[in-house]
Structures are given as structure tokens and as C-alpha cells.
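Protein chains in written order, with this note's numbering: chain H, 1 to 228; chain L, 1001 to 1228; chain G, 2001 to 2288.
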Amino acid sequence: MNSQQLKNIIEAALLAADHPLSVDQLAALFIAQSIEDEPPTRDELRQALAALQQECESRGIELKEVSSGYRFQVKQALAPWISRLWEERAPRYSRALLETLALIAYRQPITRAEIEDIRGVAVSSNIIKTLQEREWVRVLGHREVPGRPALYGTTREFLDFFSLKALGDLPTLAEISSLDDIPTQMHLNQSEINPMPDNNNSGNTNIVQLYPVTNDTGADTNEASAHG
Amino acid sequence: MNSQQLKNIIEAALLAADHPLSVDQLAALFIAQSIEDEPPTRDELRQALAALQQECESRGIELKEVSSGYRFQVKQALAPWISRLWEERAPRYSRALLETLALIAYRQPITRAEIEDIRGVAVSSNIIKTLQEREWVRVLGHREVPGRPALYGTTREFLDFFSLKALGDLPTLAEISSLDDIPTQMHLNQSEINPMPDNNNSGNTNIVQLYPVTNDTGADTNEASAHG
Amino acid sequence: MNSTANVVNEESAPPQDAIPPFALVRGEAFNTLPRDLYIPPDALEVFLETFEGPLDLLLYLIKRQNLEILDIPVAEITRQYMLYIDLMKGLQLELVAEYLVMAAMLAEIKSRMLLPRPPGVAEGEEGDPRAELIRRLQEYERYKRAATDVEALPQLGRDIFTVSAERPDTQVMRLAPQVSLHEVLLALKDVLTRAEMFSHHHVQREALSVRERMSNILGVVNADNFTEFTTLFTVEEGRQGVVVTLLAVLELIKESLLELIQADAFAPIYVKVPRQSIQGVSDEFATT
């Protein structure tokens, strides 16, 4: 098998699979059943992946390594066009959900009580359920204290969803000594786009539209909505 | 928008959509929200599609026009490799089959009756058939006695599968009698279903037993992967 | 993408040439926020419900006044916090217990701040009654930022779109089971133990190489042709190879699987598979 064919098979496999493929999974495509005599080595596979990655430079898709393997994805710069394929916008997540998720991601394994302790409020069961249904969070075990509370951690799917290879790739946790750049405006515009049932004040959302209060926060909001 | 970018957007859109896209549907991606001033004409779109089609010649996928539009598909010639993404693992072999195989390996040429004699039970035709289909066992000839029973022996494929150069590389019976009885397969299963990712936060040692961490299991798993 | 379009509800959108107001309340634009943060009750309700708890509200109050988190003027913050609590009560919002607990904590810190510092206690963080509150605010603020950071990561379906191509026509393949040699050997050990073969005379084991050579020879010879005896040997294998082959031939002859034919003395020796050699009913038929 020459390197061109190897590359083509890898390209086809990654595009045919509906999930990322690891180097091991790719290697398995070449083993046994004697289609060809010598299966490619891991090094050859990695070389082919690197070559594909490079060839993508001039194309509309890119080859990205995430936690569970390699996947092709649309280049982020093309998202404005591609997102028009779907009428529905991607869901926005409530602050309560994101804060809970962040605590689980950065502090795992962590119990619900510990999350509540840091956030200063109760965590709704709905949030935990949503995170588990999305397969971003799972129960790793139980703390051996009375009540045996569940210990939560994140999954490979969580990493894949946010295009991360490992937990170490998460943004660094800030040390807080001053509040200069706290994005306060989050309070103000979150409620209207909040899809979570725990904040269902939908009756009110057409009454009030609060705008960012300061210049600072205004800039932050622009940045935030550019992502949307 | 230059023709390269147009091609890239079309490529990305066709790969991101889960159904074929018509020229009209592709054109719709460029209208509205005034991302760019002049949307491409149908002719430009068709030219881009033709260019993409041509670029695929050396790649693992091809651009096909079907009734409802254009779609990328994996080249049929790559099916032998790609289809392994969906293969199923057959159930494990029975003890009876393994015993039969072992007797054929050690006592060849051997008839079915002789195998039954040693095992003390009948050997099902299925077992012999499975071993022959797997190409591990073949008929070497027939014993010239009434009924002319087939004489079975192992094949080169058998040796290859078990990484043996010759039958002489098999352990002697004396060595076999001192084999320990740990069924290797169990380890493999265990490591497969081990639910923990690699990133176990060892810092939190007060949390007690999320998953088996005894020395035993660790050693077994290592041994298993060495076998596998 | 235009940020105004995202934030403003289509129907209530102001004319595009106007400066965007800070707030729209019942369609009415507010271009300046009241200094005392007076907001009509409906608006306030939404406003308050967007806080993620007392820590979040406190952080908001501190930030709003450009105060230092490490040096919170407790008296002032407490006053404002209580103002919000009263507003919530007035609006009959469901006032979660956590807010009241925080109010009590603030009151306690305030009263301790007012007490004269006992002599001998040095100034420092340990002695500051605000320390625990500051620690909690800092801790919460870290994860509040982390949440924003996580939200800003590229997300599948929002910033990242996975791609796929139509798969070729394939049948689902069934993989043959994997077997380790170890398993095969254990199976043999079992069956031998069962048959008590280790002690039994007829498992005087031949070297496996002989058994293998027997198979190989049977693969070469047949009943219809004579094979010259000498062709069974490969000189390159050396003395040991020749011995193995000879033992294999002898074993095959003993088992009546092979016969030797020599027409005359010193004539070439041939081997062939015997045709219907007369033998008594062998054991094999007893068990079949």
C-alpha cells in the first residue's frame, strides 16, 4: 500500500465514521483478513494524518485531534455560511448550568454539596440531569461519607464537544485579586436567551430588555454574541 | 469572494449537511445577512462543484450528483477497509472447540473418532466445520479403514495466527501441565470495561475506591495486554 | 454579525439610527440609568432573578461601585444588599434561604468590624472578620470566570460542525473470535487431565516436529501415485531433519497411513497411501 492510498483510506474512514477515530481504531482497519500483507505502522498512520492535516490548509475542512481521536470538521471561519444549513440556532446554556459544569470540570471529582458550597446556592437536579443526558458529566463513584453522595466528573464527550484533547487544555483557572474585569453584564442579557427550565421567567422577557450598563461590559457583550 | 473560498464553503457545506444539497440550497447559503456583497451565480456554483469533483480524483471521497443534489461519498473501492468500522465481534469460541483444536494441533494427523476417544464426548460437526472455515484445520487424507475417516491437521494459517514458526514451537505436554489456570481472556474484558479515563485525580486520595486499584488487578491487566 | 440584532427583540427594536438605550421597559427606552438604580418592579423582578445567588449579587454590588474585593466596605455593601433583600420581599419574590443566610453573615461581619480590636492582636488577614467572605467571593468568582471561559470555547454545533460523507455499500462484517494460544493450551491441559493422559502409555509424546512432518508428508503423497522415498527428505535440513522425516515415515507406516514399496532389491523405494488396507474394525467406529 502506498502512502497515497493509506491517506485516502484514513480520510474516507474519518469521514464515514460518525465519531472521532483514534490511531488504534484506524490501525484496526488494516489488520487481518489479509486484504494486504503489511498493515501500516502507527508511525505511518501518524505521518498520513499529519499529511492530511497539512493538505486541509487550502480546503474547507480541517483535521482536528480531540480527546477521543481525530475528526474532520468545518473550518471555524466558514461557520457563518455553514450554520445557515440549520434553521435552529445552537442552544445557549444558562449560567447556572455553565457554572456547575465548570466546577465539575475543574474540581472533579466533586459532589453536589461541594458545588453548592462554592456557588452559594442550591444546584437544581435538572442541571445535573441535563449534564448527564448530554453525556458531559457522569458519576465517577461515591464519597464514603454518610449519604454516600455521588462524585461527578466530566467525560470524553465533554472534551470532544469543546474541542479539547485533555482536561489540561481547559482555560487556566484565574486567581482573583481584583474585580476589574468581571463581566457583570452577564446578569442583564442572559435571561432572554436562557434555554434552561430552571429560570423560566419567559412571561417577562418581552417586557424588559436591559442593555449593558458600561462601556466595558458592552464590549464584552459584543464579543459574546459574535460567538453565537 | 474568490473561487477558492467559494469551493471551500461548498465543500464544507456538503460535508456538514446530512443530506444531499441542490444548487439552489447551496446558493441560499450566500444570500441574506449580507456577509458578502455579491452572492455567487449558479454558473459559478456549478464551476466550483466541477472543480471539487476533479480534485477528488486523487482522494478517498468523491462528489456525486444524486436526484436531490450533490453529496460526498466514500469511494466504493475503499469499502473493504471502511466497512470494518461497522463490524461485529462474533461470540467467543466454546471450550469444546478449543479442546478439539488443541488435540488436532498436538496429535495430527488425527481422526474425529480419535478426538472423541480422548475427549470422551462426541465432537459436533459444527466444530470441525468452524475450524475448517477459519482455515486453521484441513483434511490431510483419509485413514484406509472402513468408512475412510478424514485425518485432520493444522495449517500454515494456524501457525501464523498464533505466531508460531512451526509446531515444534508449541510447549511440550510437560510444560502444559504446569500452566497456571488464570483464564487470560478475563483480564482483557476487565481492561475493556474499566470505566476510568487516564486522568484520575490522584490528589484526592480521601475519596475512597472509585474503581479497583488493588495490585492484583493492575498486574493482571498488564499481563493481559502483554498477551494481547 | 450585528450585536444589536442579537440583544434586542425584533418587535421592540428601536430605530436603527438612534443610540441604543440602556434599557427598554415596556417598549420605552431608557437612555440613562437612574442613579439610585430605580427600576420598575417588573424589570427588577427579571433583574433579580438573573443573579445566581447571594455571592453573585454581592459581586455585582462590589463591581458596580468599582470597589476592591480585598477591601470591601462592609457597612456600605451590607446596606445595599439589604436594600435588594427588601426589594425582593416587597416583590414577594421567593426569597431563597441562601440570601437570608448571607444577610445574617454580613450583619455579623459588620458588627465585628465595629468592635474595637483587642490589644495584642496584630493587624492582618487572620484578624479581619471579612476574610472568610472575601475568600468565598474570590473562589466563586474564579468559577464564574471559568464558566465564561468554557462557554467561549468552540462548541460543536455552534462554532464547530462535524462533517461526514456517505458511506460506501457495505455489509456488516462479523469478526472471527480472537483466541490466545494460552487458551488453547489450557483447553488441552483440561482434556488431558480429564483423560488422564499424562500417565497413559499412548501419549508417549512424539516430538511435535515429527507430528508436523507426518502432516506434511500426508500432504504430498496420495493413493494414486507413487512418490519416491528419497524426495521426502530435504538434505539441507541436515542430519536432524532427515531423522525427523524418517521417524515421521515410520510412524505413518505404523499407523497404516503410508506404505513402502520396493520392486527389487536396490531398486528405488516408493511410498504411497495404502488403498483399502485390510484392518480390523478400528476403535474409531466404536465411538462414532
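The C-beta atom is built at its ideal place from N, Cα and C for all residues, glycine as well.
For a contact meaning CB atoms closer than 8 Å, what does residue i contact in chain G?
i                      : result
residue 1171 (chain L) : 2185
Please confirm if residue i has its CB atom under 9 Å from at least one CB of chain C.
i                      : result
residue 2078 (chain G) : Considering every chain present, this structure includes no chain C. Its protein chains are H, L and G.
Using a Cβ-Cβ distance under 9 Å, would residue i count as near chain G?
i                      : result
residue 1118 (chain L) : yes
residue 1108 (chain L) : yes
residue 175 (chain H)  : yes
residue 166 (chain H)  : no
residue 121 (chain H)  : yes
residue 1078 (chain L) : yes
residue 1179 (chain L) : yes
Report the CB separation of residue i from residue j in whole angstroms; it is logged as a contact under 8 Å.
i                      : j                      : result
residue 1023 (chain L) : residue 1045 (chain L) : 5 Å
residue 2209 (chain G) : residue 1167 (chain L) : 7 Å
residue 82 (chain H)   : residue 2051 (chain G) : In fact, because the Cβ distance is near 36 Å, the residues do not count as touching under 8 Å.
residue 121 (chain H)  : residue 2098 (chain G) : 5 Å
residue 1176 (chain L) : residue 2153 (chain G) : Incorrect: roughly 57 Å between the Cβ atoms, too far for contact.
residue 2141 (chain G) : residue 93 (chain H)   : Rounded, the Cβ-Cβ distance is 19 Å, inconsistent with contact.
residue 2256 (chain G) : residue 2274 (chain G) : 6 Å
residue 2232 (chain G) : residue 2271 (chain G) : 7 Å
Chain L beta carbons: is any one of them nearer than 9 Å to that of residue i?
i                      : result
residue 11 (chain H)   : yes
residue 45 (chain H)   : no
residue 2189 (chain G) : yes
residue 2034 (chain G) : Any reading at residue 2034 (chain G) must be qualified, since the residue scores a pLDDT of 49, below 50, and its modelled position is unreliable; no value is offered.
residue 2064 (chain G) : no
residue 2221 (chain G) : yes
residue 2177 (chain G) : yes
residue 2209 (chain G) : yes
residue 2257 (chain G) : yes
residue 2052 (chain G) : no
residue 2139 (chain G) : no
Using a cut-off of 8 Å between C-beta atoms, extract the partners of residue i located in chain H.
i                      : result
residue 1081 (chain L) : 9, 12, 13, 29, 30 and 35
residue 2150 (chain G) : 98, 101, 102, 105, 162, 170 and 171
Does any residue of chain H bring its CB to less than 9 Å from the CB of residue i?
i                      : result
residue 1004 (chain L) : yes
residue 1049 (chain L) : no
residue 2056 (chain G) : yes
residue 2217 (chain G) : no
residue 2016 (chain G) : Low per-residue confidence applies at residue 2016 (chain G): pLDDT is 41, beneath 50, and the placement is therefore not dependable, though the value from the model is reported in the following sentence. Judged by the 9 Å Cβ criterion, residue 2016 (chain G) is not in contact with chain H.
residue 2102 (chain G) : yes
Would you tell me roughly how many angstroms separate the C-alpha atoms of residue i and residue j, rounded to the nearest one?
i                      : j                      : result
residue 1146 (chain L) : residue 2182 (chain G) : 37 Å
residue 1028 (chain L) : residue 2055 (chain G) : 47 Å
residue 118 (chain H)  : residue 17 (chain H)   : 41 Å
residue 2253 (chain G) : residue 2260 (chain G) : 8 Å
residue 158 (chain H)  : residue 1099 (chain L) : 46 Å
residue 2091 (chain G) : residue 1025 (chain L) : 51 Å
residue 2218 (chain G) : residue 2244 (chain G) : 14 Å
residue 1265 (chain L) : residue 1013 (chain L) : Residue 1265 (chain L) is absent from the model: chain L starts at 1001 and stops at 1228.
residue 1030 (chain L) : residue 143 (chain H)  : 54 Å
residue 1105 (chain L) : residue 1156 (chain L) : 12 Å
residue 2249 (chain G) : residue 2262 (chain G) : 15 Å
residue 160 (chain H)  : residue 132 (chain H)  : 15 Å
residue 1047 (chain L) : residue 108 (chain H)  : 52 Å
residue 66 (chain H)   : residue 2106 (chain G) : 46 Å
residue 2087 (chain G) : residue 2049 (chain G) : 12 Å
residue 40 (chain H)   : residue 2 (chain H)    : 10 Å
residue 2279 (chain G) : residue 1152 (chain L) : Below a pLDDT of 50, predicted positions are generally treated as unreliable, and residue 2279 (chain G), at 41, falls in that range; the measurement from the model is reported next regardless. Distance between the alpha carbons of residue 2279 (chain G) and residue 1152 (chain L): 20 Å.
residue 1088 (chain L) : residue 2165 (chain G) : 22 Å
residue 2064 (chain G) : residue 2131 (chain G) : 21 Å
residue 1043 (chain L) : residue 1004 (chain L) : 15 Å
Please compile the residues from chain L whose C-beta is within a distance smaller than 7 Å of the C-beta of residue i.
i                      : result
residue 16 (chain H)   : 1074, 1082 and 1085
residue 2146 (chain G) : Going along chain L, no residue has its Cβ under 7 Å from residue 2146 (chain G), so there is no contact; the nearest lies around 16 Å.
How about residue i: is its Cβ closer than 8 Å to a heavy atom in the ligand FMN?
i                     : result
residue 117 (chain H) : The ligand content of the structure shown is nil, which means the ligand FMN is not present either.
Which chain L residues sit within Cβ distance under 8 Å of residue i?
i                      : result
residue 2111 (chain G) : Going along chain L, no residue has its Cβ under 8 Å from residue 2111 (chain G), so there is no contact; the nearest lies around 36 Å.
residue 2194 (chain G) : 1119 and 1120
Interface residues of chain H around residue i at Cβ under 7 Å?
i                      : result
residue 2091 (chain G) : By Cβ distance, chain H contributes nothing, its closest Cβ being about 12 Å from residue 2091 (chain G), past 7 Å.
Determine the chain H residues that contact residue i at a beta-carbon separation under 9 Å, and present them in chain order.
i                      : result
residue 2116 (chain G) : Under the 9 Å cutoff, chain H gives no residues; its nearest Cβ is about 29 Å from residue 2116 (chain G).
residue 2096 (chain G) : 121 and 122
Where the segment 144-163 of chain H meets chain G: residues whose CB sits under 9 Å from a CB there: The residues in question are 160, 161, 162 and 163.
So if I threshold CB-CB distances at 7 Å, which residues from the segment 2223-2249 of chain G count as touching chain L?
Those residues of the segment 2223-2249 of chain G that come within reach of chain L (Cβ to Cβ, closer than 7 Å) do not exist; the list is empty.
Identify each residue in the segment 1051-1076 of chain L for which the Cβ-Cβ distance to at least one residue of chain H is less than 8 Å, and report them in chain order.
Closer than 8 Å at the C-beta level to chain H, one finds these residues of the segment 1051-1076 of chain L: 1058, 1059, 1060, 1061, 1072, 1074 and 1075.
For the segment 2156-2168 of chain G, enumerate the residues whose C-beta is nearer than 8 Å to any C-beta of chain L, in chain order.
If the cut-off is 8 Å between Cβ atoms, the segment 2156-2168 of chain G has 2161, 2162, 2163, 2164, 2165, 2166, 2167 and 2168 near chain L.
* Pull out every residue of the segment 125-140 of chain H whose Cβ sits closer than 8 Å to any Cβ of chain G, in chain order. => Residues: none.
- [ ] Taking a Cβ distance cut-off of 8 Å, strictly less, list which residues of the segment 1089-1105 of chain L are near chain G, in chain order.
- [x] For the segment 1089-1105 of chain L, the beta-carbon criterion of a distance under 8 Å to any beta-carbon of chain G is satisfied by 1089, 1090, 1091, 1092, 1093, 1095, 1098, 1099, 1101, 1102, 1103 and 1105.
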